[in-house]
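Note sheet for the following structure.
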Amino acid sequence: MRRFIARLAYACLAALTSFFALSVSAAVDPQTVRDLAFGESDAKIKAIGTLGASGDTGTVRLLQAFLDGEVQTVGEDQVLHVQGETATDLLTGKAIAPLPDNRDDIVLNNRVRKQLATAIAALKLSAPDRPARLAAAKQLQDSADEDSLPAIDRALAKEADSEIKESLALTQAAIHLASKDRATRLAAIRALAESSNPTTKTLLLGVLEQKGGTYVEPDAELRAEADKSLRSVETKLATGEMIGRVFSGISLGSILLLAALGLAITYGLMGVINMAHGELIMIGAYATYIVQGLFRKYAPGAFDAYLVCAVPAAFAASGLVGMALERSVIRFLYGRPLETLLATWGISLILMQTVRTIFGAQNVQVENPSWMSGGFVAMTGIVLPWSRIVIIGFAAAVLILMWLLLARTRLGLFVRAVTQNRAMASCTGVPTKRVDMLAFGLGSGLAGLAGCALSQIGNVGPDLGQSYIVDSFMVVVLGGVGQLAGTVYAAVGLGIANKFVEAWSGAVLAKIAVLVFIIVFIQKRPQGLFALKGRVTET
Numbered sequence: 000m001r002r003f004i005a006r007l008a009y010a011c012l013a014a015l016t017s018f019f020a021l022s023v024s025a026a027v028d029p030q031t032v033r034d035l036a037f038g039e040s041d042a043k044i045k046a047i048g049t050l051g052a053s054g055d056t057g058t059v060r061l062l063q064a065f066l067d068g069e070v071q072t073v074g075e076d077q078v079l080h081v082q083g084e085t086a087t088d089l090l091t092g093k094a095i096a097p098l099p100d101n102r103d104d105i106v107l108n109n110r111v112r113k114q115l116a117t118a119i120a121a122l123k124l125s126a127p128d129r130p131a132r133l134a135a136a137k138q139l140q141d142s143a144d145e146d147s148l149p150a151i152d153r154a155l156a157k158e159a160d161s162e163i164k165e166s167l168a169l170t171q172a173a174i175h176l177a178s179k180d181r182a183t184r185l186a187a188i189r190a191l192a193e194s195s196n197p198t199t200k201t202l203l204l205g206v207l208e209q210k211g212g213t214y215v216e217p218d219a220e221l222r223a224e225a226d227k228s229l230r231s232v233e234t235k236l237a238t239g240e241m242i243g244r245v246f247s248g249i250s251l252g253s254i255l256l257l258a259a260l261g262l263a264i265t266y267g268l269m270g271v272i273n274m275a276h277g278e279l280i281m282i283g284a285y286a287t288y289i290v291q292g293l294f295r296k297y298a299p300g301a302f303d304a305y306l307v308c309a310v311p312a313a314f315a316a317s318g319l320v321g322m323a324l325e326r327s328v329i330r331f332l333y334g335r336p337l338e339t340l341l342a343t344w345g346i347s348l349i350l351m352q353t354v355r356t357i358f359g360a361q362n363v364q365v366e367n368p369s370w371m372s373g374g375f376v377a378m379t380g381i382v383l384p385w386s387r388i389v390i391i392g393f394a395a396a397v398l399i400l401m402w403l404l405l406a407r408t409r410l411g412l413f414v415r416a417v418t419q420n421r422a423m424a425s426c427t428g429v430p431t432k433r434v435d436m437l438a439f440g441l442g443s444g445l446a447g448l449a450g451c452a453l454s455q456i457g458n459v460g461p462d463l464g465q466s467y468i469v470d471s472f473m474v475v476v477l478g479g480v481g482q483l484a485g486t487v488y489a490a491v492g493l494g495i496a497n498k499f500v501e502a503w504s505g506a507v508l509a510k511i512a513v514l515v516f517i518i519v520f521i522q523k524r525p526q527g528l529f530a531l532k533g534r535v536t537e538t
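Going by numbering that gives the first Met the number 0, the letters in the sequence shown line up with residues 0 to 538, in that order.
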């Protein structure tokens, strides 16, 4: 019985293989297959060109089989497509069993392999799925020749995707640029002027190249047109670089803003030098990690929604820890900045060690939801990641909600009253101790939101907060202690300035330059960008 089942399975597998091969060979001239298998290099390349020009996507499987080494020959009569223990004769479509012992591999040199890969890419331009077409278009940029032009022209005529069309148009222009026809070369040079791809600059520089004091391109009109197109491309590339730097600066500024907003409450409005602020950011990141784990275990189908639930969880976790710290330690240290600094520094060490004990010293993995993966293509070579765009929007939303809370709610009124004159606020019935606790909890909760956002773009580990505590203080001090508007201007300004200086001098020197600027600025204007207000002025 077992032998019968094995034979039946083998027969079914052979039938499927035979069907696959027949579907390939039915549209291909057997002589073309024979030339590809037995011919010399030139004959093989001619056969590949014939198959590539057919436009039949089913031919991709045949060419891929040759490229992968799955095709073998038996004498001069059989061309076998071998798959495991079964084979099919590509000339007749018949299944071959058992496999002949005298099979020979087909030797393909690098030239033939390159032609095979190019033909496969050209045929894949008609694939139904976009990623396959885009990958094929990008591959053709490096390997396409005149034989690929018919496939490229067909693809351009029916392609609707702008990114793929731009890639194909660039490939088409590069091929035309090598044409012997002057009009074709001139049209290609003019077409390249519309591109913003860095490869275009290389192509145009090739037209303007000199060897031994003589231009490679003898036609002066073509050189003049190439120079004009080159200036146009360089302008587009410079614009793209500017967009990228500004976006990177705003992205960094939004991260600094999220990290510093909580400190703007605890230090700016309350006058508490909280060296544990970075660890409150870390707690928010680990709260996000815990929520992610719960979703992965109990609701894997709704995993993409975990970040929405992680936001309030991170706020609550850091806020509760902050209120506990305020009630147990910090409330005894108001008006004593040195003792507050030392106490919160010790608390930061305790929190880091606690996290190491619970989660380990290694970084933990926090995955992005699928809707935060990828990016928006602003122009060729400039991709704005969705994760960064979401964080910028998140920072703006948090800022607006915070302003509404401080300016339009009873708690915000109490916080501002206690900040301006604690004794008078207490005399009018404001519960100052309760306001202190809630305000510190609010600042700590904002730090947790920063940790939730940072978990999506960086490593989450016990030392996460140490990377942002100094930057957070710089933002608050530069903006003006106690001024949220100053915090916003300082965060975005420092982010953009850091990215522009970094492009010229490197990350380390950029950091030093920004720090020196802040020191000089504070020497000239100690109150920061905006006037100093709050409890700090009273001390």
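Using N, Cα and C, we set each Cβ at its ideal position, and we do this for glycine too.
It should be emphasised that the depicted structure is a prediction, and the values quoted were computed from it without experimental measurement.
If you run the structure through DSSP and keep just helix, strand and coil, what is MET473? Helix at MET473.
Just verifying my parser: in three-state terms, what is the DSSP assignment at MET241? Secondary structure of MET241 (DSSP, three-state): helix.
Among VAL414, GLY392, GLY248, GLN138, nearest to GLY492 - alpha-carbon criterion: Nearest of VAL414, GLY392, GLY248, GLN138 to GLY492, Cα basis: GLY248.
Close-in-space but distant-in-sequence residues of the same chain around GLN522 (CB under 8 Å, 5 per side omitted): For GLN522, where only same-chain residues beyond five positions count, there are no Cβ hits under 8 Å.
Between GLY277 and chain C, is the shortest Cβ-Cβ distance under 7 Å, so that the two count as touching? This model lacks chain C altogether; it includes just one protein chain.
Quick check on the DSSP output: what are the complete alpha helix (DSSP H) runs of length 4 or more inside the region 129-196, in order along the chain? Secondary structure within the region 129-196: the alpha helix (DSSP H) runs of 4 or more consecutive residues, fully enclosed, are 129-142, 148-157, 161-176, 181-191 (chain order).
Does the beta-carbon of GLU325 have 16 or more other beta-carbons within 10 angstroms, so that it is buried, or is it exposed? Sixteen is the threshold: when 16 or more other Cβ atoms of the shown chains lie within 10 Å of the Cβ of GLU325, as they do, the residue is buried.
Assuming ILE381 is part of the beta strand (DSSP E), what are its boundary residues? Run containing ILE381: 381-384, per the beta strand (DSSP E) assignment.
Which residues mark the beginning and the end of the alpha helix (DSSP H) in which PHE302 is found? Premise fails: PHE302 is in no alpha helix (DSSP H) and is neither H nor E.
So which of VAL519, GLY494, VAL515 has the shortest CA-CA distance to GLY243? Closest by alpha carbon: GLY494.
What does the alpha-carbon distance come out to for the pair SER253 and TYR488? The straight-line gap from Cα to Cα measures roughly 11 Å.
Residues bridged to THR87 [DSSP beta-bridge criterion]: Paired residue(s): HIS80, ALA94.
Proximity winner among ASP128, GLU165, THR87, ASP146, relative to LYS113 (alpha-carbon distances): Of the candidates ASP128, GLU165, THR87, ASP146, the one whose C-alpha sits nearest the C-alpha of LYS113 is ASP146.
Which first and last residues belong to the alpha helix (DSSP H) in which VAL363 is found? Premise fails: VAL363 is in no alpha helix (DSSP H) and is neither H nor E.
Since ALA377 is in the beta strand (DSSP E), which residue starts that stretch and which ends it? In this chain, the beta strand (DSSP E) harbouring ALA377 covers 374-378.
Do you know how far the Cα of TYR333 is from the Cα of LEU483? If I take the Cα positions, the gap works out to 22 Å.
Can you look up VAL73 in the DSSP assignment and give me helix, strand or coil? Strand at VAL73.
Three CB pairs or more closer than 8 Å across the region 80-88 and the region 172-189: The region 80-88, when compared against the region 172-189, does not touch it at the 8 Å Cβ threshold.
Separation of THR91 from LEU21, as counted between CA atoms: With a pLDDT of only 38 at LEU21, under the threshold of 50, the placement of this residue in the model should not be trusted; the figure read from the coordinates follows. C-alpha separation (whole angstroms): 8 Å.
Would you be able to state if there are at least three C-beta pairs under 8 Å between the region 372-379 and the region 305-317? Touching, no, given that fewer than three Cβ pairs across the two stretches are closer than 8 Å.
For THR49 and THR31, which I take to be in contact (beta-carbon distance under 8 Å), what is that distance rounded to the nearest angstrom? At roughly 5 Å, the Cβ-Cβ gap stays under 8 Å, so THR49 and THR31 are in contact.
Locate the alpha helix (DSSP H) running through SER443, then write down its first and last residues. Residue range 431-453 is occupied by the alpha helix (DSSP H) that includes SER443.
Beta-carbon separation of LEU167 and LEU155 under 7 Å? Yes.
Considering only C-alpha positions, which residue in the set GLU220, GLY212, LEU89 is nearest to LEU185? LEU185 has its Cα closest to that of GLU220, out of GLU220, GLY212, LEU89.
Between the CA atoms of SER471 and ILE381 - distance to the nearest angstrom: Approximately 29 Å between the Cα atoms of the pair.
Tell me the DSSP bridge mates of THR213? LYS210, per the DSSP bridge assignment.
Through-space distance from THR265 to ALA438, alpha-carbon basis: Just so you know, the alpha carbons of ALA438 and THR265 end up roughly 7 Å apart.
With a threshold of 16 other CB atoms inside 10 Å of the CB of MET269, please say whether the residue is buried or exposed. The residue in question, MET269, is buried, as its Cβ has 16 or more Cβ neighbours within 10 Å.
Coarse secondary structure for ASP540, derived from DSSP in three states: Residue numbering for the chain in the displayed model covers 0 to 538; residue 540 lies beyond these limits and cannot be assessed.
Cβ neighbours of PRO130 in the same chain (closer than 6 Å, five flanking residues each side left out): Around PRO130, the same chain offers no residue with a beta carbon nearer than 6 Å, after the five sequence neighbours per side are excluded.
Anticipated Cβ contact below 8 Å, SER317 with GLY411, distance rounded: In this structure SER317 does not touch GLY411 by the C-beta definition: roughly 20 Å separates them, more than the 8 Å allowed.
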